[in-house]
Every structure is written in C-alpha cells, then in structure tokens.
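A quick write-up on the structure given underneath.
2 protein chains.
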Amino acid sequence: MVETSRRREIEDAASSLFHEHGYAGTSVREIARALDIQGASLYAHVTSKQDMLWSIVVRTADRFEAAADAALAALGDSDSDADSDPDSDSDPDVKRSPDPGSRLTALVRAHVGVVTEDIGQASVFVHEWRSLSASHRAEIGRRRDAYEHRLRAVIRDGMERGDFAATDPTAAAAFILTALNGLVGWYRPGGRLKPGALADLYAALALRAVRHLDEVTQ
Amino acid sequence: MVETSRRREIEDAASSLFHEHGYAGTSVREIARALDIQGASLYAHVTSKQDMLWSIVVRTADRFEAAADAALAALGDSDSDADSDPDSDSDPDVKRSPDPGSRLTALVRAHVGVVTEDIGQASVFVHEWRSLSASHRAEIGRRRDAYEHRLRAVIRDGMERGDFAATDPTAAAAFILTALNGLVGWYRPGGRLKPGALADLYAALALRAVRHLDEVTQ
DNA sequence: CCTACCGATCGGTAGG
DNA sequence: CCTACCGATCGGTAGG
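Sequences listed follow chains A and B, in order.
Residue 30 in my numbering sits at position 26 of the first sequence, with consecutive numbering throughout.
Residue 147 in my numbering sits at position 143 of the second sequence, with consecutive numbering throughout.
Laid out in structure tokens, this is it:
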C-alpha cells in the first residue's frame, strides 16, 4: 500500500521533530516542510496533529512490549507468553522461570535495543505522552504500568530468592527504567558507544544496582 | 523588596505549569490565570515568557551546584571548593579526597534533595532546557557538562583505586544521573516514599551500580 | 495591574 | 497534493 509507506514517512519526520522541539513546540507546517509539501497537504494522510503523535506512541509501545516478550521467551520463561515452550525441559511445577539476574539482563538489553534502534520514536514515547489526549494518555499509562510491573516482579523475585539485595522494588524498578529511558537524552547514533556496547554496559549497571555484593554471578 | 517576592510567585506558578504541560504547551495567559491577573499584567514583572523560563532554570542550576559543593565540602574534599578546609588533617599532597564511595553517596543524596525540595523547578530544569534560546541553552549546557564531569571524576577515581568495578565512566555517570533526574517523572510530595528514604534508596542503588561485587563497604 | 489592541502563527477545512 | 482561506490563540505593546 502506497498510503502506508507515505504515512510512515510522515510519522518519521514528525517523530524526529517532536524529538528535537517537543510536540507542542513543533508546528504542522514544520513537519510538512521536512517532507517538502504544504502544511494543508498533510491532512490528506492524517486526520490531526494528535493523530500523528498517537500513532508514533502506540507503535513504540508495541515495540517495547514485543522486545520484552521476545527477550523473556528466549530465556524459556513460561510467564512471558500464553503458550510455554514445548522444548523446555524444566518442571513447570517447581521452577518455571530462569534466574532473576538473567531475566533482568534480558529486559534491560531489550529496552536499550528498542531505544537505540529509533531514538526519535523512543524519545517521543518517553517525553511526549503528556501531550496525548486524556483518553490516549490513560491507555498508555496502563501499558506503561504493566511494563514497569514486569520489571518490578523480576526484582521482587530476585530479592525473595536472595539473589538481589534488599531494596524497595518500586523504587529500584523506577531507578533502572528511568536510567534506560534517559538514553534518549544522550545516545547519538554513530557515536563512540555502539548499541551493543551500550546494552552490555547498561545491563551490567542495572544488574549490579540490585544484586547482592557477595554474589559472583558475573 | 515587594517586586522580588511577586516575581517569585510568578516563577512558582510558571514552573508548576511548565512541569505539567511543558514550556511550549503553556500560554502566558494560563500563568496569569493561576495568579488571578490578566495576561498582559504579567509584563509588568517579566520581560518575556523566555525570561521566566531562564530565571527558573538558572536558579535551579545554582541549587544543584550549591548542593553538590556543600555535600563534597562536608566530606572534607579540597576539590569541592576554592579554599580548602583548614581543619582538615589530611595531607594535601598524598590523598586530598575522601573515598569515592562516600563522595558518590554524597552527590546522589544532594541531587535527590534538590529534586524533592521543588519538583516543579527540577522538572523544568531537566526537561525544558530545549526551549531555551540558543545562547541560554549553550550556557546551561556548559554548566550541565561541568556537573556531570564531577560525577564522572568520582567514578573514574573509584575505578582507579579499585573500589569500583571496571565500567565506562561516561556511560555510568549518565546512567546514574538520568536515573536521578527521572525522579521528576514519578516522585510526588506526600507519597509513600519520603525524601529521606528516597535519598537512601537511590544512594544505595547508585553505589551498587558502580561498586565491585567483592567490596563490603556497606 | 487594567483595557484595548497588534501582527503573526496556530491547527484545520473547502474545493479542487 | 495544491491554493485559498477560516476562527482561535499566541506573545507582546501602548497607554493609562
């Protein structure tokens, strides 16, 4: 569909401008200029400025959730998907999840991957949700909460197993998640640190932040 | 001076609205309405909307820097101020600074204190610098760099002394600093976690993030 | 701190 | 995707 690819070009231009100047600080005409068309011509493809923001935010939320799902599924975590891996040789009644350290590492690497893959979209998702309409904001709020809850559950699990240091799971999850999201403020594609190296560094920092000092898992 | 306190009221109203809706998303008339005056009446006290933003940002930058200075000075760090503490009994030629772990803890606690003390101002400082005019943005950029450099220096020092794990000091400082700044997105005065408890939790998380696993300093 | 007002720009529509 | 245009709102000024 031609329409779909043009729509994608518009959202790409919009997300990079929203990233630079914010949603409220970007005019519809600036988005149009980046595409070399007239401001009014944009409305042949989108119904409103809010429509563009909403598409970008939803698509990015999808990407974050899919990446987290895939990362946990690759570990053989039966909680991460509706149907568990039939090749798994673990007894589902005894220990259904891999160790919390591995799960935390997987979640952090997945999150960093999504951010570095498209810094503009990730930045809009992280910063511009305040500009969403009330109902859209509420919907994204629920999805964010569920996403953060998953990280919190890993930390709580690690604490209960004694792998992680005693801390406040809510504060620890917020600390780590905001650090990961903070990447949108300083990561630059083509910079000194490549996405893979950043994922390694951030996974190590996040894991150490919650892990017991006397653990020598890595 | 009456004028100064009225000016402060205006900046308080502005920072809380900038915090909620962003600089570009807040109109001068909305700020005026919060003060129960007409939009045009604001210009008896400020010269422009940008002028309000700049005052808030400068004042908050001052607070962050002063808090960090005081925190390090209280440890007896001779680098933290122009004139060193005459009561200090440490030999300035051998080891002029306290251990990196204490310095990191002090900086984190100071930062969290500034954020929790006025979440609106801190939020504007963290999020709205993109809305500053070019020259103002450049000036704040330099001050932010210097502030972050100080944190980086502590981390590098800790690595060289062997107290901290091998990591990338730039990435580690950014990780920690963005986690601290992320507080403006979820800290709420009067919430479950009080400023003191938050400072303790965040200091522990930041310290563990960079510290060697086999260290048992705390 | 007010009323009255300014030019510029905003998001969006009509009609092709 | 264009030209032409809309009402609303923007930051800010004049003059009191």
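Glycine included, C-beta positions come from ideal geometry on N, C-alpha and C.
- For R196 (chain B), the three-state DSSP class (helix, strand or coil): Coil.
- Query: According to the neighbour-count rule (16 or more other Cβ atoms, all chains shown, within 10 Å of its Cβ), is P193 (chain B) buried or exposed?
  - Reply: exposed
- Item | Any non-hydrogen atom of the ligand HEM closer than 7 Å to T64 (chain B) Cβ | In the structure shown, the ligand HEM is absent, as is every other ligand, since no ligand is present at all.
- Item | Between the CA atoms of A74 (chain B) and V119 (chain A) - distance to the nearest angstrom | Straight-line Cα distance between these residues: approximately 36 Å.
- Message: With a threshold of 8 Å between beta-carbons, can F179 (chain A) be considered close to chain B, or not?
- Response: Yes, F179 (chain A) lies at the interface with chain B (some Cβ there is under 8 Å from its Cβ).
- Task: Kindly indicate the opening and closing residues of the alpha helix (DSSP H) around Y191 (chain B).
- Result: It is not in any alpha helix (DSSP H) - Y191 (chain B) carries neither H nor E in the DSSP assignment.
- Is the beta carbon of Q125 (chain A) less than 8 Å from the beta carbon of S59 (chain A)? no
- Message: Below 7 Å on C-beta distance, what does W190 (chain B) contact in chain A?
- Response: A178
- Task: Output the distance between the C-alpha atoms of R212 (chain B) and A17 (chain A), rounded to the nearest integer angstrom.
- Result: 40 Å
- Tell me, to the nearest whole angstrom, how far the beta carbon of Y47 (chain B) is from that of F179 (chain A); I am working on the premise that it is less than 8 Å. About 42 Å; that fails the 8 Å criterion.
- Enumerate in chain order the residues of its own chain whose CB-to-CB distance from H140 (chain A) is below 6 Å, with the five nearest sequence positions on each side excluded. These residues qualify, in order along the chain: W58.
- Query: Skipping 5 residues on each side, what residues in its chain have a beta carbon closer than 7 Å to that of A236 (chain B)?
  - Reply: Absent from the model: residue 236 (chain B). The displayed extent of chain B is 5 to 222, so no value can be given.
- Can you pull the chain A residues whose beta carbon is under 9 Å from the beta carbon of S135 (chain B), in chain order? H25, G26 and G29
- With which residues is R215 (chain A) paired in a DSSP beta bridge? The secondary-structure analysis by DSSP pairs R215 (chain A) across a beta bridge with A:F168.
- In whole angstroms, what is the alpha-carbon distance linking Y191 (chain A) and I123 (chain A)? 8 Å
- Grab me the residues of E143 (chain A)'s own chain with a C-beta within less than 6 Å of its C-beta, minus the 5 sequence neighbours each way, in chain order. none
- C-beta atoms of Y27 (chain A) and S135 (chain A) nearer than 8 Å: yes
- Distance, Cα to Cα, A210 (chain B) vs R11 (chain A)? 42 Å
- Considering only C-alpha positions, which residue in the set A:A65, A:D167 and A:V188 is nearest to D103 (chain A)? A:D167
- Task: Output the boundary residues of the alpha helix (DSSP H) element that contains H115 (chain A).
- Result: P104 to E121
- Query: Smallest Cα separation from A78 (chain B): which of B:M56, B:V158, B:A110 and B:R154?
  - Reply: B:A110
- Task: With 8 Å as the threshold, decide whether the Cβ of T120 (chain A) is near any Cβ in chain B.
- Result: T120 (chain A) does not count as touching chain B.
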